[in-house]
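Engineer: There's a structure below that I have some questions on.
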Amino acid sequence: MRVLLTGAFGTIGQPALHFLSKKNHSIRCFELPTKKNRQIGKKLARKIPFELVWGDIRNRTDVERTASDVDVVIHLAAMIAPHSERSPELAHDVNVLGTQNMIQCAKSAGISKFIFASSFTTYGSTMSMPPPRKVGDPQMAINHYSEHKITCEKMLLESGLPATIMRLAVVLDPNRIAQLDPEMFNIPLAQRIELLHPLDAGRAIANAVAADTIGKILHLGGGPDWQITYEKLMKNVLTLFGLGMFPANAFRVPASDHDWYYTDWLDTSEAQSLLKFQTVSFQQFLDECRSNTKTLRLFAYPLRKIITWFLLRSSNHRNGV
């Protein structure tokens, strides 16, 4: 198969590229020519054969050029939160207009399948509902990013293309686990959250090229082993750095249903049956994180009190705010 992969050098794109190559597909990668992407492209080209097309998904001419003469489009390129919330106009151009360009050019090219990466954040805050979320559950935009994804899903379904929509859980990269952000305090500790290893995300996407998925909306998550609370995730992450769990009052305490975060557990049974992608356990993920943070932990542990104090300063909820 001749496969076009957008967002090929991202957290999900790189493992997808790896598994597509293992299946001997002819791969064309479409990426923005940033300094970082050029470095990643050179590194990947030493290991994986692929055609690389530089361009901007917002530019119709660039998209027409890259979408010609392919059988399958895998559209991963997107501007995600929190960047989408800080630059909503740019995010709309990338996420919505970019996807519109890709859909229109894919139709002109007469492709056999269009695989689109959406998100489980499109369900909004669902903690008042019993889990897991099912693909037929109502969607509710709660930020720019989820609004963009809902709009793009609608465009794709109305386009007449042979499409597969994948609503992904939180894809957590064990190589970036040390990147703690103040946003972490805005998630209630009791929040249900499902995670997915990047390798399993990439495996699912690559397997979807040949699988019988046209016309389906599928949930991609790690499965029951990865269905945890945010408190469990934070305890495990902070332990990696030799830090103790932060006090409960540093985190958001929801006063209403709308105060919960936009994550939940997913029914992934159909996706797993079709794509056979859930291979990495949550414990294996933690072991990988522990190995990746070994050196950092040596430096962080003696400074744990200072680090804890510094991080807690970024919480808006510490004093009940």
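Number 395 in the numbering used here belongs to position 305 of the sequence shown; there are no gaps in the numbering.
Ideal Cβ placement from N, Cα and C applies to all residues, glycine included.
All values derive from a computational prediction rather than experimental measurement.
(1) On a Cα-Cα basis, can you pick out the residue from Glu121, Gly250 and Arg342 that is closest to His407?
(2) When the Cα atoms are used, what is the spatial distance from Gly334 to Asn326?
(3) Taking 8 Å as the cut-off, decide whether the C-beta atoms of Pro264 and Cys379 are in contact.
(4) So, is Ala253 buried or exposed, given that buried needs 16 or more other C-beta atoms within 10 angstroms?
(5) Return the chain-ordered list of same chain residues with a C-beta closer than 7 Å to the C-beta of His115, the five sequence neighbours on each side being excluded.
(6) Span of the alpha helix (DSSP H) holding Arg380?
(7) Check for me: the alpha helix (DSSP H) holding His234 runs from which residue to which?
(8) Would you call Phe99 buried or exposed, if buried means 16 or more other Cβ atoms sit within 10 Å of its Cβ?
(9) Is Asp290 near Val370, with beta carbons less than 8 Å apart?
(10) Using DSSP's beta-bridge definition, name the partner residues of Gln317.
(11) Hey, quick one: how far does the alpha helix (DSSP H) through Val225 stretch, first residue to last?
(12) Buried or exposed for Ser174, please, with buried defined as at least 16 other CB atoms from any protein chain shown within 10 angstroms of its CB.
(13) Compute the beta-carbon to beta-carbon distance between Ala167 and Gly188, rounded to the nearest angstrom, for a pair I have assumed lies under 8 Å.
(14) Counting pairs of beta carbons, one from the region 233 to 249 and one from the region 265 to 277, are three or more of them closer than 8 Å?
(15) Under 6 Å Cβ to Cβ from Asn127, same chain only, skipping five residues before and after it: list those, please.
(16) So for Val343, helix, strand or coil by DSSP?
(17) Tell me whether Lys203 is buried or exposed, calling it buried when 16 or more other Cβ atoms sit within 10 Å of its Cβ.
(18) Indicate whether the contact test is met: 3 or more Cβ pairs, each with one atom in the region 178 to 197 and one in the region 217 to 230, closer than 8 Å.
(19) Classify His115 as helix, strand or coil using the three-state DSSP reduction.
(20) Could you give the DSSP three-state label for Ser174: helix, strand or coil?
(21) Using only CA atoms, which one of Trp350, His348 and Leu107 lies nearest to Ile164?
(22) Hey, quick one: how far does the beta strand (DSSP E) through Arg136 stretch, first residue to last?
(23) Output the distance between the C-alpha atoms of Val225 and Arg394, rounded to the nearest integer angstrom.
Structural biologist: The answer reads as follows:
(1) Measuring from the Cα of His407, the nearest candidate turns out to be Arg342.
(2) Distance between the alpha carbons of Gly334 and Asn326 is about 10 Å.
(3) Remark: C-beta atoms of Pro264 and Cys379 approach each other more closely than 8 Å.
(4) Under this definition Ala253 is a buried residue.
(5) So the list reads Met91, Val93 and Val299, once near-sequence residues are dropped.
(6) Residues Phe372 to Asn382.
(7) Under the DSSP assignment, His234 falls in the alpha helix (DSSP H) whose first and last residues are His234 to Ser249.
(8) By the neighbour-count rule (16 or more Cβ atoms within 10 Å), Phe99 is buried.
(9) Going by C-beta atoms, Asp290 is nearer than 8 Å to Val370.
(10) When beta bridges are read from the DSSP output, Gln317 appears opposite Glu284.
(11) Per DSSP, Val225 belongs to no alpha helix (DSSP H) and is neither H nor E.
(12) Burial call: buried.
(13) With 8 Å as the limit, Ala167 and Gly188 qualify as a contact, their Cβ atoms being about 7 Å apart.
(14) No, because fewer than three Cβ pairs between the region 233 to 249 and the region 265 to 277 fall closer than 8 Å, the two stretches do not touch.
(15) Excluding residues up to 5 positions away in sequence, Phe99 and Glu121 lie with their Cβ nearer than 6 Å to the Cβ of Asn127 in the same chain.
(16) Of the three classes helix, strand and coil, the one that applies to Val343 here is coil, per DSSP.
(17) Flag for Lys203 reads buried.
(18) These segments do not touch.
(19) Coil.
(20) The three-state secondary structure of Ser174, taken from DSSP, is helix.
(21) With distances taken between Cα atoms, Ile164 lies closest to Leu107.
(22) No beta strand (DSSP E) holds Arg136; DSSP gives it neither H nor E.
(23) Going from the Cα of Val225 to the Cα of Arg394 covers about 43 Å.
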